[in-house]
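Let me begin by presenting the structure, written as structure tokens, before commenting on it.
2 protein chains.
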Amino acid sequence: MSLVLGDKWRGRVSQRTAQAVRSAAAELGYRPNLAARNLRLGRTRTALLVVPALTNDYFARVYTGAARVAARNGFGVVLYPSPEGVGPAPDPFSSARAALDGVIASSMAVEALDAISGDPAAGTAGLPLVMLDSEPGAAGAAATVNLDLADGMRQVVDHLVALGHRRITHIAAAVDSWTFQVRRDAFDAAVRGLSGAVGGREPAGLSVEQGLQAARRALTAPGPRPTALVCDDDLLAAGACKAVRRLGLRVPEDVSVTGFDDLALATAVEPELTTVRLPADEVGARGMAALLAALDGHAPEPADVLPVHLTIRGTTTAPAEG
Amino acid sequence: MSLVLGDKWRGRVSQRTAQAVRSAAAELGYRPNLAARNLRLGRTRTALLVVPALTNDYFARVYTGAARVAARNGFGVVLYPSPEGVGPAPDPFSSARAALDGVIASSMAVEALDAISGDPAAGTAGLPLVMLDSEPGAAGAAATVNLDLADGMRQVVDHLVALGHRRITHIAAAVDSWTFQVRRDAFDAAVRGLSGAVGGREPAGLSVEQGLQAARRALTAPGPRPTALVCDDDLLAAGACKAVRRLGLRVPEDVSVTGFDDLALATAVEPELTTVRLPADEVGARGMAALLAALDGHAPEPADVLPVHLTIRGTTTAPAEG
DNA sequence: CTGTTAGCGCATTCAT
DNA sequence: ATGAATGCGCTAACAG
Numbered sequence: 009m010s011l012v013l014g015d016k017w018r019g020r021v022s023q024r025t026a027q028a029v030r031s032a033a034a035e036l037g038y039r040p041n042l043a044a045r046n047l048r049l050g051r052t053r054t055a056l057l058v059v060p061a062l063t064n065d066y067f068a069r070v071y072t073g074a075a076r077v078a079a080r081n082g083f084g085v086v087l088y089p090s091p092e093g094v095g096p097a098p099d100p101f102s103s104a105r106a107a108l109d110g111v112i113a114s115s116m117a118v119e120a121l122d123a124i125s126g127d128p129a130a131g132t133a134g135l136p137l138v139m140l141d142s143e144p145g146a147a148g149a150a151a152t153v154n155l156d157l158a159d160g161m162r163q164v165v166d167h168l169v170a171l172g173h174r175r176i177t178h179i180a181a182a183v184d185s186w187t188f189q190v191r192r193d194a195f196d197a198a199v200r201g202l203s204g205a206v207g208g209r210e211p212a213g214l215s216v217e218q219g220l221q222a223a224r225r226a227l228t229a230p231g232p233r234p235t236a237l238v239c240d241d242d243l244l245a246a247g248a249c250k251a252v253r254r255l256g257l258r259v260p261e262d263v264s265v266t267g268f269d270d271l272a273l274a275t276a277v278e279p280e281l282t283t284v285r286l287p288a289d290e291v292g293a294r295g296m297a298a299l300l301a302a303l304d305g306h307a308p309e310p311a312d313v314l315p316v317h318l319t320i321r322g323t324t325t326a327p328a329e330g
Numbered sequence: 009m010s011l012v013l014g015d016k017w018r019g020r021v022s023q024r025t026a027q028a029v030r031s032a033a034a035e036l037g038y039r040p041n042l043a044a045r046n047l048r049l050g051r052t053r054t055a056l057l058v059v060p061a062l063t064n065d066y067f068a069r070v071y072t073g074a075a076r077v078a079a080r081n082g083f084g085v086v087l088y089p090s091p092e093g094v095g096p097a098p099d100p101f102s103s104a105r106a107a108l109d110g111v112i113a114s115s116m117a118v119e120a121l122d123a124i125s126g127d128p129a130a131g132t133a134g135l136p137l138v139m140l141d142s143e144p145g146a147a148g149a150a151a152t153v154n155l156d157l158a159d160g161m162r163q164v165v166d167h168l169v170a171l172g173h174r175r176i177t178h179i180a181a182a183v184d185s186w187t188f189q190v191r192r193d194a195f196d197a198a199v200r201g202l203s204g205a206v207g208g209r210e211p212a213g214l215s216v217e218q219g220l221q222a223a224r225r226a227l228t229a230p231g232p233r234p235t236a237l238v239c240d241d242d243l244l245a246a247g248a249c250k251a252v253r254r255l256g257l258r259v260p261e262d263v264s265v266t267g268f269d270d271l272a273l274a275t276a277v278e279p280e281l282t283t284v285r286l287p288a289d290e291v292g293a294r295g296m297a298a299l300l301a302a303l304d305g306h307a308p309e310p311a312d313v314l315p316v317h318l319t320i321r322g323t324t325t326a327p328a329e330g
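For the protein sequence lines, the chains are G and B, in the order given.
Position in the first sequence counted from 1, then plus 8, gives you our numbering.
Position in the second sequence counted from 1, then plus 8, gives you our numbering.
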């Protein structure tokens with residue numbers, strides 16, 4: 009079946025024959041068997057995208073970007089939501105049993121990442137791995153594409169300081185991953201450089217509810233109350249806004265709040281969240297491009313760092329006098 | 009390699025041999041080749057889950073439920089977010105090129121569904137298909153699992169009517185799928201049965217922004233203003249709340265608002281949404297169980313219909329006098 | 001109880 | 001320009 013040569017009959021078979029085979033195939037409803045093809049070729053043109061959660065549209069966006077460039081190159085992407093807490097299966101292969109050509113991991117916590125990259129039983133051993141939003145230069149990564157989160161945090165603090173805020177508390181995601189570590193370091197650096205500024209920190213799990221509780225702790229702690237809450241993501245920020253109001257205060261007049269990600273949630277709440285917009289699909293797209301390049305044997309490019317943009321909306325304003 | 013007998017050596021090989029093979033395999037880092045296995049077996053133990061969107065945690069929950077029961081049965085689930093508007097690829101196989109044993113489709117619009125079930129080029133032809141949240145008894149479906157959405161809508165209207173509302177407008181998703189058609193019919197039926205009640209309807213695309221615009225149209229139309237807005241999902245409800253406030257009115261004192269789904273969003277906004285909680289992971293779990301049963305050659309069970317529960321929170325109250 | 005073998009459907013190479 | 005033969009790695013059936 010020369011037809012299966014797909015588009016490889018440059019000068020091989022005659023026009024007529026090709027046409028004949030084509031129509032015959034269409035007639036019989038012939039469809040190539042993927043398993044056989046994969047076996048023969050030893051490649052599957054499929055990449056695994058490992059994400060920590062599906063309940064966050066940031067990851068939906070990176071998937072979209074990755075799937076777009078994958079499709080353009082005849083690749084498929086299968087999503088593997090890594091078991092956070094209690095997940096379906098600790099092994100990508102039982103959840104996505106396609107044979108894989110490579111893996112892309114986004115924003116993974118360090119221990120989860122070890123499980124993916126290090127464990128030979130995970131089936132990802134020896135596969136090209138590109139990391140998104142993760143520690144650059146990690147062992148075994150063919151490439152890394154990152155966001156300039158440090159700059160984003162700097163933009164947030166600068167914005168707040170320009171507004172006149174001095175007592176700023178960081179509602180920090182209690183997750184041990186690079187993406188949050190960077191925020192923490194950048195926050196500390198930004199606050200440290202400021203005379204008269206006081207930075208606090210309150211850890212919180214990644215949910216609206218935990219953001220609420222952390223913000224309440226921050227707001228009711230002894231000493232002068234912070235006038236601004238810088239949150240590690242939009243969920244936390246939404247929770248922080250609720251905490252502010254439950255204490256009888258107003259957002260943003262009494263307390264300003266900022267987030268990260270610019271999820272759909274950011275414009276669903278009121279007032280709309282001032283937040284750092286992350287170009288998620290661009291991250292996914294570049295990640296897939298890097299994986300494709302690695303598969304082609306290209307040398308790893310210098311780590312990509314994408315700019316981020318502070319989007320000022322309704323949850324920040326100048327602090328009240330005093 | 010008797011090892012590959014996985015767990016099939018009940019009385020076949022000796023303990024010692026099995027053990028030897030095991031350790032040898034571990035030693036060499038042997039891993040079975042999925043492509044070869046799939047080719048030989050003609051089955052892949054993989055199901056495709058087709059969803060209309062990833063940006064909605066309802067579908068994340070159905071995935072979780074499906075993946076859980078799949079994992080328990082040695083199956084994998086690959087997610088295919090169907091291209092809504094402009095998607096990656098019109099063909100599941102280019103996005104998820106695993107060979108499939110069956111497909112589960114959730115809440116699909118009718119035209120998208122035709123593409124999945126009817127098009128032989130889609131690669132899903134002849135595969136067992138189970139439909140979630142879709143027209144029961146559709147051609148080609150091995151099973152259907154549905155939510156009792158009509159009862160949910162009835163609960164919503166009853167709740168509102170009990171509170172004293174009479175002018176109720178339905179902010180209806182402008183999507184041609186069964187799931188929204190049911191809401192529409194149930195709303196009409198519920199309102200029709202009430203003396204003195206007036207039901208209106210305003211269509212809206214599935215987003216916060218479009219919910220806002222539809223609600224504004226509903227609230228500013230000539231004639232007496234509705235005192236309650238019944239929305240087809242939580243995104244729409246969040247938008248409706250914003251519209252109410254932009255008109256200088258309050259939620260819920262001036263206008264009550266309800267949603268459907270009970271997304272994370274529902275408790276992120278303020279006041280928290282009164283909404284119909286949908287047991288999404290149960291839907292996913294039952295869907296996968298039904299697919300597994302179909303694969304085992306069991307006759308299709310009677311369509312499952314899962315109960316739903318109205319969760320009363322902060323966006324509904326009695327209407328103001330007059 | 002254990003070793004050997006055929007063949008799943010495809011892409012490729014070699015022979016016509 | 002086209003057909004025939006080979007083998008990818010695995011499992012199931014069969015021979016020892």
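Even for Gly, the Cβ is constructed at its ideal location relative to N, Cα and C.
Among the residues of its own chain, which have a CB less than 6 Å from the CB of Q23/G, if the five just before and after it don't count? none
Sort out for me which residues DSSP pairs C239/G with in a bridge. I179/G
CB contact below 7 Å: R105/B versus chain G: yes
Which of the three DSSP states is assigned to M116/B in this structure? Residue state, collapsed to three classes: coil.
Chain B residues whose Cβ lies nearer than 9 Å to that of N81/G: Against chain B, the beta carbon of N81/G has no neighbour under 9 Å; the closest one sits roughly 10 Å away.
Coarse secondary structure for N46/B, derived from DSSP in three states: helix
Just checking: is the beta-carbon of G219/G within a distance shorter than 7 Å of some beta-carbon in chain B? no
Where does H167/B sit, in a helix, a strand or coil, going by DSSP? helix
Which residue spans inside the stretch 169-229 of chain B form an unbroken alpha helix (DSSP H) run of at least 4? 186-200, 216-228
Check whether the Cβ atoms of T324/B and T282/B lie closer than 7 Å to each other. yes
Does DSSP classify V70/G as helix, strand or coil? helix
Straight-line CA distance for A307/B to M161/G? Per the coordinates, the alpha-carbon of A307/B lies some 58 Å from the alpha-carbon of M161/G.
Which value, in whole angstroms, describes the spacing of the CA atoms of T228/B and E329/B? Cα to Cα, the separation comes out at about 19 Å.
Do we get a CB-CB distance below 7 Å when we pair L277/G with the residues of chain B? The residue asked about is misnamed: residue 277/G is Val in this sequence, not Leu. Yes, V277/G counts as interfacial toward chain B.
Can you list the residues of chain G that V216/B reaches, using a CB-CB cut of under 8 Å? A272, T275, A276
Taking the CB atoms as reference points, tell me whether L108/G and P89/G lie closer together than 7 Å. Contact: no.
Using 8 Å as the threshold, is the stretch 238-255 of chain G in touch with the stretch 276-290 of chain B, meaning 3 or more CB pairs across them? yes
In angstroms with no decimal places, state the Cα-to-Cα distance between G208/B and T266/B. 15 Å
Using 8 Å as the threshold, is the stretch 286-300 of chain B in touch with the stretch 161-180 of chain B, meaning 3 or more CB pairs across them? no
Three Cβ pairs or more, each shorter than 8 Å: is that satisfied between the stretch 136-147 of chain G and the stretch 76-86 of chain G? No, the stretch 136-147 of chain G is not in contact with the stretch 76-86 of chain G.
What residues in the stretch 239-258 of chain B bring their beta carbon closer than 8 Å to a beta carbon of chain G? L243, A246, G247, C249, K250, R253
Is DSSP giving A293/G helix, strand or coil here? helix
Where the beta strand (DSSP E) through A151/B begins and ends: 149-155
Closest by C-alpha distance to L300/B, when choosing among A150/B, F67/B, R39/B: A150/B
If we cut at 7 Å on Cβ distances, does V86/G have a partner in chain B? It does; some Cβ of chain B falls within 7 Å.
List the endpoints of the continuous beta strand (DSSP E) containing R285/G. It spans 282-285 - the beta strand (DSSP E) in which R285/G sits, taken as one unbroken run.
Neighbourhood of L257/B by C-beta, 6 Å cutoff - its chain only, sequence neighbours within 5 removed: If we look at L257/B and ignore the five residues flanking it on each side, its Cβ neighbours are V263.
What does a CB cutoff of less than 7 Å around R225/G pick up in its chain, not counting 5 residues either side in sequence? Apart from the 5 residues on each side of it in sequence, R225/G sits with its Cβ closer than 7 Å to the Cβ of E210 in its chain, given in chain order.
Residue interval of the alpha helix (DSSP H) (run including L273/G): For L273/G, the enclosing alpha helix (DSSP H) starts and ends at 272-276.
What is the rounded straight-line gap between the Cα of G37/B and the Cα of A146/B? 47 Å
Partners in chain B for R53/G, counting only beta-carbon separations shorter than 8 Å: R105
Report the partner residues of H317/G according to the DSSP bridge assignment. R285/G
Tell me the DSSP secondary structure of L299/G in three-state form. helix
In the structure shown, what three-state DSSP assignment does L87/B receive? strand
Report the residue from R285/G, A298/G, A251/G whose alpha carbon sits nearest the alpha carbon of G219/G. A251/G
Round the Cβ separation of S114/G and V164/G to the nearest angstrom and send it over; I've been treating them as touching at under 8 Å. Not a contact, Cβ separation roughly 22 Å.
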